[in-house]
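Encoded as structure tokens, the structure appears first; notes follow it.
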Ligand SMILES: Cc1cc2nc3c(=O)[nH]c(=O)nc-3n(C[C@H](O)[C@H](O)[C@H](O)COP(=O)(O)OP(=O)(O)OC[C@H]3O[C@@H](n4cnc5c(N)ncnc54)[C@H](O)[C@@H]3O)c2cc1C
């Protein structure tokens, strides 16, 4: 079955793909009148777009951060869609209503308003350049030959497009439809892919820590955390740690997991300072005066009794342990638990202003499929939306110019 040629086809209807499709279809982007007939196609594997978006920010969708590059553009984009944002004390932005569905629905409605053809239950199997014959036809009209693309879905349907945007995400969260398909597509077009690893993910501790973790599982504490590899510190983060049955979680631990992507030599440890605002000497004096009361004044109760048990009433040792509780690390949880993918299509091969491939004209990439991963706090969605907007605007602009 063959279909007519679309101006722009977007593969993947997640955060980046929806922003790309809406931007590509917007008349302002093209600098031309709104198209009478839809010429932008968005193909999504799931039976609805933006399924992962609904799970972000614990259902609240932390979609950008005051510290993100080009956060203003992302906020403006959503304001134009009628989405009011609320900023928290740490600069994170959420939809005012506090529901991720508001973000997903704003995008979906904008796509519908602009006439984007959204095909759900349409996993794409193959992407390829259309034959040289097609380029020659375009060339014979006096225009420079342009790339044409063919998109084949798993059910055999074939779509054609002048411009193609790959926004298939990475491998994080296969339950949301992300299986790393974009990497094979990118390689097919000659792009290098930095090997993908789970990132922003819980850390699994070594077997010897399990007994300790059984005592404190479920406890949350504010801390400053450092990842050590061999004898050298590799990364720092501050925030809340959550002790789990088999390891460590919480925002600061997820942030540290980003530094675990390199092939490390040497044992890995995470060292927690559980009272970052208090000097070790002050703690020692406090514990020497009235250890039991001051321990529970500084730490949650279960942690306090762990410190008491491990230091057997020694104030100096207790202070040292509170300032540097070390956990040997075995690794991280896998793709189902990871919030993002570290690695992906090499950024050096993409024009950062347009998101166009430097190798294949008319081919664009957006979102997590690229080799970018940010810390927690809205940086990853900001990247997905911003690169989606850029790719959509450039693709539609280029398609309209042609
Ligand atoms: C639980 C969780 C919470 C998160 N919370 C936050 C947060 O609060 N703030 C933040 O900044 N980031 C957060 N993230 C990360 C953020 O969701 C991602 O970085 C972002 O969604 C990436 O956008 P994307 O469009 O590139 O990829 P995705 O959102 O993963 O979308 C890719 C889409 O492509 C589709 N697809 C894949 N392959 C094919 C194919 N072959 N054919 C057709 N369709 C295909 C998939 O079904 C999917 O819908 C969170 C992630 C998770 C898992």
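In our numbering, the protein residues as written are 583 to 984.
Glycine included, each C-beta is placed from N, C-alpha and C at the ideal position.
Quick caveat, the model's predicted, so the values are computed rather than measured.
Taking 7 Å as the cut-off, does the CB of residue 627 come closer than this to any heavy atom belonging to ligand 1? Answer for residue 627: yes, Cβ within range of ligand 1.
Are three or more beta carbon pairs between the region 826 to 842 and the region 867 to 884 nearer than 8 Å? Flag = no, the region 826 to 842 and the region 867 to 884 do not touch.
On the DSSP bridge list, what partners appear for residue 708? Residue pairing from DSSP places residue 708 in a beta bridge opposite 734.
Taking the alpha-carbon of residue 861 as reference, which of 904, 817, 972, 851 has the nearest alpha-carbon? The option with the nearest alpha carbon to residue 861 is 904.
At least 3 beta-carbon pairs within less than 8 Å: the region 653 to 665 vs the region 619 to 634: At 8 Å Cβ cutoff, the stretches do not touch.
Within the chosen definition, does the region 935 to 950 reach the region 797 to 817 through at least 3 CB pairs nearer than 8 Å? Flag = no, the region 935 to 950 and the region 797 to 817 do not touch.
Determine which residues share a DSSP beta bridge with residue 565 and list them. Nothing about residue 565 can be reported from this structure: the residues present for the chain run from 583 to 984 only.
Going by the C-beta, is residue 942 closer than 7 Å to any heavy atom of ligand 1? No; taking the cut-off as 7 Å, the Cβ of residue 942 has no heavy atom of ligand 1 nearer than that.
Answer yes or no: the CB of residue 763 versus the heavy atoms of ligand 1, is any distance below 7 Å? Residue 763: yes, Cβ under 7 Å from ligand 1.
Roughly how many angstroms separate the alpha carbons of residue 958 and residue 638, rounded to a whole number? For residue 958 and residue 638, the distance between alpha carbons rounds to 11 Å.
Taking the runs of the alpha helix (DSSP H) that are 4 residues or longer, which of them lie wholly in the region 742 to 790? 763 to 770, all fully within the region 742 to 790.
Going by DSSP, name the residue or residues bridged to residue 945. Per the DSSP secondary-structure output, residue 945 pairs in a beta bridge with 746.
Only counting the same chain, and skipping five residues up and downstream in sequence, which positions put a Cβ closer than 8 Å to that of residue 978? Taken in chain order, the residues that qualify are 589, 590, 605, 606, 607, 608, 611, 612, 622, 745.
Are the region 810 to 818 and the region 786 to 802 touching, with three or more C-beta to C-beta distances below 8 Å? The region 810 to 818 vs the region 786 to 802: no contact.
Contact test: residue 588 Cβ vs ligand 1 heavy atom, cutoff 7 Å: No, Cβ of residue 588 sits at least 7 Å from all heavy atoms of ligand 1.
To which residues of the same chain is residue 757 closer than 7 Å at the C-beta, ignoring the five residues directly before and after it? Excluding five sequence positions before and after residue 757, the CB atoms of its chain that fall closer than 7 Å to its own CB belong to 918, given in chain order.
Proximity winner among 962, 628, 880, relative to residue 802 (alpha-carbon distances): Answer by Cα proximity: 880.
Helix, strand or coil: how does DSSP classify residue 661 here? Per DSSP, reduced to three states, the secondary structure at residue 661 is helical.
On the premise that residue 750 lies in contact with residue 956, defined as a C-beta separation below 8 Å, what is that separation, rounded to the nearest angstrom? In fact, because the Cβ distance is near 19 Å, the residues do not count as touching under 8 Å.
Taking all protein chains shown into account, do 16 or more other C-beta atoms lie within 10 angstroms of the C-beta of residue 627, making it buried, or fewer, making it exposed? With a 10 Å radius around the Cβ and a threshold of 16 neighbouring Cβ atoms, residue 627 comes out buried.
Hey, how far is the Cα of residue 839 from the Cα of residue 781? Using only the alpha carbons, I get a separation of about 6 Å.
On a CA-only basis, which of 711, 678, 647 is nearest residue 587? Give me that one, please. When only C-alpha atoms are compared, the closest one is 711.
With a threshold of 7 Å, establish whether the CB of residue 705 neighbours any heavy atom of ligand 1. Answer for residue 705: yes, Cβ within range of ligand 1.
Residue 678 beta carbon near ligand 1 (any heavy atom closer than 7 Å): No, the Cβ of residue 678 stays beyond 7 Å of every heavy atom of ligand 1.
Grouping DSSP H, G and I as helix and E and B as strand, with all else coil, what is residue 804? Residue 804: strand per DSSP, three-state reduction.
Go ahead and label residue 703 buried or exposed: buried means 16 or more other beta carbons lie within 10 angstroms of its beta carbon, across all protein chains shown. Looking at its Cβ environment, which holds fewer than 16 other Cβ atoms inside 10 Å, residue 703 is exposed.
Measuring only between beta-carbons, confirm whether residue 958 sits less than 8 Å from chain D. This model lacks chain D altogether, as it is built from one protein chain only.
Are there any heavy atoms of ligand 1 lying less than 7 Å away from the beta-carbon of residue 760, as far as the coordinates show? Checking the 7 Å criterion, the Cβ of residue 760 is within range of a heavy atom belonging to ligand 1.
Coarse secondary structure for residue 968, derived from DSSP in three states: Three-state result, residue 968: helix.
Could you round the C-beta distance between residue 826 and residue 856 to whole angstroms and report it? I think they count as a contact, below 8 Å. With 8 Å as the limit, residue 826 and residue 856 do not qualify as a contact, their Cβ atoms being about 16 Å apart.
At a cut-off of 7 Å, would you count residue 921 as near ligand 1, judging by its Cβ distance to the nearest heavy atom? It does: the Cβ of residue 921 is within 7 Å (strictly closer) of some heavy atom of ligand 1.
Residues in its own chain within less than 6 Å of residue 767 by CB, not counting five upstream and five downstream? Excluding positions up to five away in sequence, the list reads 709, 748.
For the beta strand (DSSP E) containing residue 852, name the first residue and the last one. Per DSSP, residue 852 belongs to the beta strand (DSSP E) from 850 to 855.
For residue 924, write down the residues that DSSP places opposite it in a beta bridge. Paired residues: 779.
Is the separation between the beta-carbon of residue 915 and that of residue 754 shorter than 8 Å? Result no, Cβ atoms of residue 915 and residue 754 do not sit closer than 8 Å.
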